[in-house]
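What follows is a set of notes on a single structure, which appears directly below.
Protein chains: 2
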Amino acid sequence: MTERQNGTGTSAGRARGPVTIYDVARLSGVSPSTVSRALNNPGRLSADTEKRIREVADAVGYRLNPMARALPTGRTHTVGLILSDITNPVYFDLVRGVERVAAGRGYILILAESQESADLENETAQRLLASVDGLILVATRLDNADIRALAERKPLFVVNRKVRGIPGVVPDVVPGIRAALDHLAEQGHRSIAYLAGPSGSWMSRLRGRTLDLTAGERGMTIVEIGPGEPTLHGGQAALQGVRDSGATAVLAYNDLMATGLLKACRDGGVRVPEELSVIGFDDIFGSDFTSPPLTTIRTPLGLVGDEAARRLIAAVEKGEEGRRTPLATEFVLRGSTAPPRG
Amino acid sequence: MTERQNGTGTSAGRARGPVTIYDVARLSGVSPSTVSRALNNPGRLSADTEKRIREVADAVGYRLNPMARALPTGRTHTVGLILSDITNPVYFDLVRGVERVAAGRGYILILAESQESADLENETAQRLLASVDGLILVATRLDNADIRALAERKPLFVVNRKVRGIPGVVPDVVPGIRAALDHLAEQGHRSIAYLAGPSGSWMSRLRGRTLDLTAGERGMTIVEIGPGEPTLHGGQAALQGVRDSGATAVLAYNDLMATGLLKACRDGGVRVPEELSVIGFDDIFGSDFTSPPLTTIRTPLGLVGDEAARRLIAAVEKGEEGRRTPLATEFVLRGSTAPPRG
DNA sequence: AGGACCGTGTCAACCGGTTGCCAAACTGTG
DNA sequence: CACAGTTTGGCAACCGGTTGACACGGTCCT
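Here the protein sequences line up with chains L and Z, keeping their order. Counting in the numbering used here, the first sequence runs from 588 upward without gaps. Counting in the numbering used here, the second sequence runs from 588 upward without gaps.
In structure tokens, the structure reads:
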């Protein structure tokens, strides 16, 4: 009765816009709802009807309109990822991990940046919320209340932060820190500086606390320096504090800061590792070709992204979070550590 | 007559799902279409009606449902970005540029990776096409026919590739290459190797051709080596070829390859820059802390991303591509070049 | 006073799918 | 052969917006 405007008189005629299920329905002599069932409700129809419709569908190059599907179902097949800083190399492998898993499961990745601002992060999350099935927050600066509020609206997954009742992943920092301190102890270091990241960073606090604990067990002392920006510049700016602390070795919140410190040392005539040992965190791109190559504590960022996407999508689809994979850090010995002088 | 299921008896009652224009309409005593007009058709309604509706809307926290809007309008307020490799640092600033501009204009960024495969790239583009208002292809491996086919369906923008009739941007490589060759000529280099990127890369060919031309003008000769993977590994693998060529200086297709070459030199006992001068391309993150720091030809990647997003969105909204900003490369002198021996 | 015109808000159709419910057809059984 | 049970496919409502057409009331003009 009501012929959709897309239709043309001749069934072979070129439709105006993209092909819809209405076109497929007309061409295969069934109703639109039957087409819908044939395509995403396998088994509901008789085998030959389903087969026939499928054949027509890809003969005419039918492609489902995701918006049209999203409207009645409320499911967009999209995951959102919010980072504080897109250009921070620490996220590259993570983003790739998320994208690969998402694409593999038929999901699309939406990426946004919060520019290290809690307000902007919240605003961005709100803006994205309507378009995604679930949201991954990486190293979020939001407080627990905001996080919970978001989690009430859509499945949420937090990376590098623990929030009671919210699924998330934070790689175990203990093994990496233990191995790093064992290594430093073996070389004779006793007093170690920790170059802290931003004051709002949960992960920086975790690393600091774990360092304190682990150092205590080994009779070593930790002096905390900072907080500082988690960037090259933040690391460069910290050299003076490090020198003042009298520590013979430094552990930085992340590789960016460690690399910045390395640079400041070179500029300031401090020889690394002879005069100062430096250890980074994460093992980002570039850490192996600094000079000297940076000794660091590796975080398996690719796997973290994988895990985040996998479990978020499980939550979206099955309402339960998927199996947890334990993820651990690992000490990577390169050239920026040596026994202290004297 | 037909009360939407969202409604509750009391107007103060909590709606089940998110607030819709139907809720706002009921609460402010007008029809849904009036609400729609009040919100995105300023001036069409009387000033107080509009104001009243706006107040109700944000009093109840109304948020537009992007899917619902996309259906009748065909506009998703989304731009897609397809990269060959998410973890390649060359793209970080570009991605950020695109994201910032997109977010600033109320658009959402969808990111996907083609893993250096033309087939996967095409498939990905098809998959995304229905969800985006426009697509940005970076260093695409697609052939011109595929690109044109995509451009027929949605606004398309290509970065680092010129395709007749398709809007795009490719930073002018001439100034950077001229300055680099002038520098090498001044130091006494005559025979220079070009470490080519993937054979499918339009940009690698452009850089190679421009190099040939520019070298010719200066009485220098170029030996092309490759093609090779545009990665650290590709650069490492090329050392033998470089030595065999007898060139005293190398220009690599990109910084990743240059850095790989640097590493191979260190491992192979070739001193840079004393025995071999190395110049990269792009000035990616990390190029300034290799050892020696890499001399390179900078591409303004952040601006490229900016330009791409700006002009794509202009095409989407006004049907015309926006104003073009000329973008040029620039020679950055660091420590990996020196006069040849003898 | 009558008519043209303008400003304002509503009606209803539409975008392209999904899905609960029902009817027709088909199957098997006593 | 009648009847219950099971397939199979269609109808129509719905998701949440947008927008062309129109009705209504008030102004202004002749």
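C-beta: ideal position from N, C-alpha, C; glycine also.
Counting only residues of its own chain and dropping the five nearest sequence neighbours on each side, Val-761 of chain L has a CB closer than 7 Å to the CB of Thr-797.
Each of Z:Ile-753, Z:Ser-923, Z:Ala-612, Z:Val-746 was checked against the Cα of Glu-637 of chain Z, and the nearest Cα belongs to Z:Ala-612. Contact between Pro-754 of chain L and Ala-902 of chain L is confirmed by a C-beta separation of about 7 Å, below the 8 Å threshold. At a cut-off of 8 Å between C-beta atoms, Ser-718 of chain L counts as an interface residue with respect to chain Z. Per DSSP, reduced to three states, the secondary structure at Ala-612 of chain Z is helical. Annotation: Met-790 of chain L to Pro-676 of chain Z spans about 24 Å, alpha carbon to alpha carbon. Boundaries of the alpha helix (DSSP H) harbouring Phe-679 of chain Z: 679 to 691, taken from the DSSP string.
Against chain Z, the CB of Met-654 of chain L has a partner CB under 8 Å away; the residue lies at that interface. Here the C-alpha atom of Val-891 of chain Z lies approximately 10 Å from the C-alpha atom of Tyr-678 of chain Z. With respect to the 8 Å criterion, Ile-673 of chain L and Arg-897 of chain Z are not classified as neighbours on the basis of their beta carbons. When DSSP reads this structure, Ala-644 of chain Z sits in no beta bridge, so it has no partner. By the CB criterion at 8 Å, Tyr-694 of chain L and Thr-660 of chain L fall outside the cutoff. Measuring C-alpha to C-alpha distances from Gly-775 of chain Z to each of Z:Arg-928, Z:Gly-616, Z:Ile-608 identifies Z:Arg-928 as the nearest. Here Ile-779 of chain Z is bridged, per DSSP, to Z:Ile-809, Z:Ala-836.
When DSSP reads this structure, Leu-722 of chain L sits in a beta bridge with L:Gly-667, L:Leu-743.
The shortest C-alpha to C-alpha distance from Pro-879 of chain L to any of L:Val-685, L:Ala-783, L:Gly-833, L:Leu-863 is the one to L:Leu-863.
In the structure shown, Gly-909 of chain Z falls within a coil segment according to DSSP collapsed to helix, strand and coil. With respect to the C-alpha of Glu-816 of chain L, the residue from L:Arg-656, L:Leu-848, L:His-770 having the closest C-alpha is L:Leu-848. Close CB contacts of Gly-821 of chain L within its chain, under the 6 Å cut and outside five residues either way in sequence, are with Gly-815, Met-844 (chain order). Only those residues of the region 864 to 887 of chain L whose C-beta falls short of 7 Å from the nearest C-beta of chain Z are listed: Phe-872, Gly-873, Phe-876, Thr-877, Ser-878.
With contacts defined by Cβ atoms closer than 8 Å, Thr-808 of chain Z and Arg-777 of chain Z form a contacting pair. Our two residues, Pro-926 of chain L and Thr-882 of chain Z, have alpha carbons roughly 33 Å apart in a direct line. In the three-state DSSP reduction, Arg-639 of chain Z falls in the helix class (H, G or I).
At a cut-off of 8 Å between beta carbons, Asp-645 of chain Z makes no contact with chain L.
Note that the region 735 to 755 of chain L touches the region 712 to 725 of chain L; at least 3 beta-carbon pairs, one per stretch, sit closer than 8 Å.
In the structure shown, Val-865 of chain L adopts extended strand secondary structure according to DSSP, grouped into three states. Under the DSSP assignment, Thr-797 of chain Z falls in the alpha helix (DSSP H) whose first and last residues are 789 to 804. When Cβ-Cβ separations below 8 Å define contact, Arg-650 of chain Z makes contact with chain L. For Asp-645 of chain Z, the closest of Z:Val-622, Z:Ala-634, Z:Ile-884 by C-alpha to C-alpha distance is Z:Val-622. Membership of Leu-696 of chain L in the beta strand (DSSP E) is indicated by the continuous run 695 to 700. As a beta-bridge residue in DSSP terms, Val-756 of chain L pairs with L:Val-746. The beta carbons of Leu-696 of chain L and Ala-689 of chain L sit closer together than 8 Å.
Look at the region 820 to 853 of chain L: the residues with a C-beta under 8 Å from a C-beta of chain Z are Thr-846, Leu-849, Lys-850.
When secondary structure is reduced to three states using DSSP, Arg-885 of chain Z falls in the strand class. The straight-line gap separating the alpha-carbon atoms of Ala-699 of chain Z and Lys-905 of chain L is approximately 25 Å.
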